[in-house]
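First up is the structure itself, then whatever we jot down about it.
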Amino acid sequence: MDLLTVDEFERLKTGAEVLEQDAHGLKVLCMPNGDILKLFRVKRLVSSVRLYSHVRSFCRNAERLRALGIPTVTIRQLYHSSDRIHSAVLYQPLPGKTLRPEGSLGLIDIADLSIQPFALSCTARRNFRHLCRLAPDRLVFGKEGWELFLRTYRETARLRLCSEKSFSSKAARLFDVWSLREGRL
Numbered sequence: 047m048d049l050l051t052v053d054e055f056e057r058l059k060t061g062a063e064v065l066e067q068d069a070h071g072l073k074v075l076c077m078p079n080g081d082i083l084k085l086f087r088v089k090r091l092v093s094s095v096r097l098y099s100h101v102r103s104f105c106r107n108a109e110r111l112r113a114l115g116i117p118t119v120t121i122r123q124l125y126h127s128s129d130r131i132h133s134a135v136l137y138q139p140l141p142g143k144t145l146r147p148e149g150s151l152g153l154i155d156i157a158d159l160s161i162q163p164f165a166l167s168c169t170a171r172r173n174f175r176h177l178c179r180l181a182p183d184r185l186v187f188g189k190e191g192w193e194l195f196l197r198t199y200r201e202t203a204r205l206r207l208c209s210e211k212s213f214s215s216k217a218a219r220l221f222d223v224w225s226l227r228e229g230r231l
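Under our numbering, the first residue of the sequence shown carries the number 47, and numbering increases by one thereafter.
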């Protein structure tokens with residue numbers, strides 16, 4: 047992990063496109079060569095992030111995904127700042143096109159990823175709602191795409207019978223064909 051000085055940061059962000067920022071400053075930059083610089087900051091005075099940073103989690107999770115055969119980002123460089131509040135990761139994003147032109151659906155934050163050796167509980171599957179929150183996103187996949195997605199998920203998730211019934215019921219409501227067409231969900 048390299049020290050990211052103010053001068054080095056200024057050099058890195060020259061010519062970069064700001065993809066995300068908030069009231070505290072820059073969060074994600076697209077470098078002129080297409081690489082992504084993701085910035086992290088410690089938000090609380092007392093935090094486990096001070097012991098094991100978001101940058102290290104991001105890097106570890108990329109390695110774990112790759113080991114599982116799941117395509118993921120390629121880490122180029124890890125940075126930390128002298129104030130121990132900021133850190134950053136420079137990575138090559140996955141090739142391909144995002145689902146929306148502004149790219150907001152294509153950026154996945156793997157820093158908070160949790161890989162478990164068992165199937166997710168029904169409660170943990172709530173993140174399916176994020177996939178179909180906006181009507182344009184739901185319509186991109188179409189009926190056949192959602193059916194393929196759900197069938198493939200069921201085949202690989204190894205759900206218990208009670209979980210399978212619960213998941214199937216919730217998925218039927220969540221991915222209702224009429225709701226997909228009318229933008230209701």
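Glycine included, each C-beta is placed from N, C-alpha and C at the ideal position.
Grab me the residues of residue i's own chain with a C-beta within less than 6 Å of its C-beta, minus the 5 sequence neighbours each way, in chain order.
i      : result
Lys84  : Val74, Val135
Glu48  : For the record, residue 48 in the displayed sequence is Asp; it is not Glu. Result list for Asp48: Tyr125, in chain order.
Ser150 : Note that Ser150 has pLDDT 46, beneath the 50 cutoff, so the model's placement of it is unreliable and the number below is only indicative. Cβ neighbours of Ser150 beyond the five flanking positions: none.
Gln67  : Lys73
Gln41  : Nothing can be reported for residue 41: it is not among the residues displayed for the chain, which extend from 47 to 231.
Leu159 : Asn107
Phe55  : none
DSSP three-state label for residue i, please.
i      : result
Thr198 : helix
Asp71  : Here the sequence assigns Gly to residue 71, which means Asp is not the residue at that position. In this structure, Gly71 counts as strand in the three-state DSSP scheme.
Gly149 : Here the model assigns Gly149 a pLDDT of 49, short of 50, so the residue's position is not dependable, and the following value carries that caveat. Of the three classes helix, strand and coil, the one that applies to Gly149 here is coil, per DSSP.
Glu66  : strand
Asp48  : strand
Gly191 : helix
Arg206 : coil
Ser314 : Here the chain has residues from 47 to 231 only, and residue 314 is not among them.
Gly229 : Caution applies to Gly229, whose pLDDT of 49 falls short of 50 and renders its modelled position unreliable; the value that the coordinates give is listed next. Three-state result, Gly229: coil.
Leu114 : coil
Lys211 : helix
Keeping to the same chain, check which residues put their C-beta closer than 7 Å to that of residue i; ignore five residues upstream and five downstream.
i      : result
Ser128 : Leu49
His70  : Arg87
Ile161 : Arg110
To which residues does DSSP link residue i through a beta bridge?
i      : result
Phe86  : Ser133
His126 : Leu49, Ser133
Glu60  : Inspection of the sequence shows that residue 60 is occupied by Thr rather than by Glu. Its beta-bridge partners do not exist; DSSP assigns none.
Ile161 : DSSP lists no partner for Ile161.
Cys76  : Glu63, Ile82
Ile121 : Tyr137
If I'm right that residue i touches residue j with Cβ under 8 Å, what's the distance once you round it to whole angstroms?
i      : j      : result
Pro141 : Val119 : The Cβ separation is near 11 Å, so there is no contact.
Val64  : Leu72  : 6 Å
Ser99  : Ser133 : 5 Å
Leu194 : Ala217 : Actually they do not touch by this definition, with Cβ atoms about 13 Å apart.
Residues in the same chain with beta-carbon distance under 8 Å from residue i, minus the five sequence neighbours each way, listed in chain order, please.
i      : result
Ala108 : Thr118, Val119, Thr120, Ile121, Tyr137, Ile156
Gly61  : Met77, Pro78
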